[in-house]
Ligand code: FPP
């Protein structure tokens, strides 16, 4: 079972088009899949679920669609925070908050505070998030540590640098899922996906159900994760364990 699952929820627009509906209807239906996948993840015992809700690049969509999505996040969060709390879920948002409305930021901060003490699954929503943005903000923080004399340039290594990235306190991403049939990362977690297993599904996000997630988890269970080693080395290690 993966400890950390990250999902690119793609295909809302195409789902809506297939139904002869506006794109917004696809996003609304997508919100229902979010709920189903959260519940199945809790049931399956996943420790961290990271959902890519809005990328740095999504700001260039038509203004009407952007404001619909922002409103959808605001309403969903306001409505669901009680449920998250009841399920013991710890809620967090990753991404560049400086682009978000103060009302949305306030609602996010309130939900994070309210659920901070929970010990169940961590639910991370990536909003206004980009993998490159994350690496750049980590570089800025690292540079500041050096300028303040708290870190020497020679001590910058993978470990110290990665501590400045988003969710460095959480387990590494084990399983990276993308729905909607496209075979790309689209600037989602870049550094953090270094050793993730990838699973691409043709299913459009609004059709992605608890069963679809179980299929992905079963597929993951059959992967051999070698982290650069050989199967034989892993065999030896497993034999000892
Ligand atoms: C990608 O599909 C989806 C998005 C950019 C938005 C994600 C939003 C949701 C899943 C809905 C609500 C989420 C929460 C957390 C309440 P697309 O629009 O790119 O689809 P397309 O590729 O078919 O056009």
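Residue numbers (our numbering): 25 to 265.
Note that CB positions come from ideal geometry on N, CA and C, so glycine has one too.
As the crow flies, the alpha-carbon of residue 124 is around 16 Å from that of residue 86. Residue 229 has its Cβ nearer than 7 Å to a heavy atom of ligand 1. The residues 79, 80, 81, 154, 155 and 156, in chain order, have a CB closer than 7 Å to that of residue 211 in the same chain once the five nearest residues on each side in sequence are set aside.
Assignment of residue 152 by DSSP, reduced to helix, strand and coil, places it in the strand class. Within the segment 70-128, the complete alpha helix (DSSP H) segments of 4 residues or longer fall at 87-110, listed in chain order. Secondary structure note for residue 223: it is in no alpha helix (DSSP H), and the uninterrupted beta strand (DSSP E) holding it is 221-224. Residue 32: member of the beta strand (DSSP E) spanning 28-32, first to last residue. Contact between the segment 138-146 and the segment 174-190 is absent: fewer than 3 CB-CB pairs across the two stretches fall below 8 Å. By the C-beta density criterion, residue 73 is buried, having at least 16 other C-beta atoms within 10 angstroms.
The residue among 152, 101 and 107 with its C-alpha nearest the C-alpha of residue 130 is 101.
Per the CB criterion, closer than 5 Å to any heavy atom of ligand 1, the qualifying residues run in chain order as 33, 34, 35, 36, 37, 38, 51, 54, 55, 58, 77 and 100. Excluding five sequence positions before and after residue 109, the CB atoms of its chain that fall closer than 8 Å to its own CB belong to 138, 139 and 142, given in chain order. Each residue's CA atom was taken as its position, placing residue 220 and residue 136 some 26 Å apart. For residue 200, the enclosing beta strand (DSSP E) has its first and last residue at 199-202.
When only Cα atoms are considered, residue 246 and residue 231 end up about 24 Å apart.
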